[in-house]
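Let me begin by presenting the structure, written as structure tokens, before commenting on it.
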Amino acid sequence: MPTGAPTTTPTECPASGVRITSPGSSAAMGLRALGLRLVNCGTKPYPLDGYPVLRLFDGDGNPIPVRVVEGAKEITSGFDDPPRPLTLRPGEQAGAAVLWRNLVTDPTVVATDGERLEIAPAAGRPAQLVGLDGPIDLGNTGRIGVSAWKKATDPAPTPTRPLPDTSDPGGPESSSPVPPLL
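All letters in the sequence shown, in the order written, are residues 3 to 184 by our numbering.
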């Protein structure tokens, strides 16, 4: 099985009654964002209140110690909406985002790449392996941010950042904003 490959097929529903997948990641100007989608594929309402719980592993399956930041205050802005209790009826979805920066701030610390990501909907609930479309290249920051779960009918969270100044012809190139994650 490829590194980071999901453990269930898209049509299977785990015993927990929810399936967690990722529609992919986006990288721009050192900021990385990985969308998460949680689908209630079961037959009962599924309550959520809080943040996804994540565990990151290297290519050999060893856990990578990371500090998980609820919200993104230390990484970027725009993902700090507090969690609100929600209940997903069968077939409904919620989304969240995982955020990090590929920064090397200390030349004495080796940069880290996560090759496998496990996500639990909340503390104490079963985790699922989420397929990745590339490594989680943390540099040596040792931290990763996560947004609160939001019903998919709500607008997807989008990080806010200043757009490059394009008035100076010698200035930085323009880039498009990070696309929605859901």
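Glycine is no exception: its CB is placed at the ideal position from the N, C-alpha and C atoms.
(message) Taking a contact to mean a Cβ-Cβ separation below 7 Å, would you say Q95 touches R39 in this structure?
(response) Against a cut-off of 7 Å, the Cβ pair of R39 and Q95 comes out as a contact.
(request) For P67, collect the residues of the same chain with a Cβ closer than 8 Å to its Cβ; drop the 5 residues on either side in sequence, then sort them by chain order. (result) Excluding residues within five positions, the ones whose Cβ falls inside 8 Å are G144.
(message) Using a 10 Å radius around the Cβ and a threshold of 16 neighbouring Cβ atoms, would you call T45 buried or exposed?
(response) Exposed.
(request) Using alpha carbons as the reference points, say which of E120, I121, N104, A122 lies closest to T114. (result) When each option's Cα is compared against that of T114, the closest is N104.
(request) Count the other CB atoms, across all protein chains shown, that sit within 10 Å of the CB of R34; report buried if there are 16 or more and exposed otherwise. (result) Buried is the call here.
(message) Given a cut-off of 7 Å on the beta-carbon distance, is the pair I121 and V132 in contact?
(response) Taking 7 Å as the Cβ cut-off, I121 and V132 qualify as a contacting pair.
(message) Residues in the same chain with beta-carbon distance under 7 Å from C15, minus the five sequence neighbours each way, listed in chain order, please.
(response) Excluding positions up to five away in sequence, the list reads R21, C43, G44.
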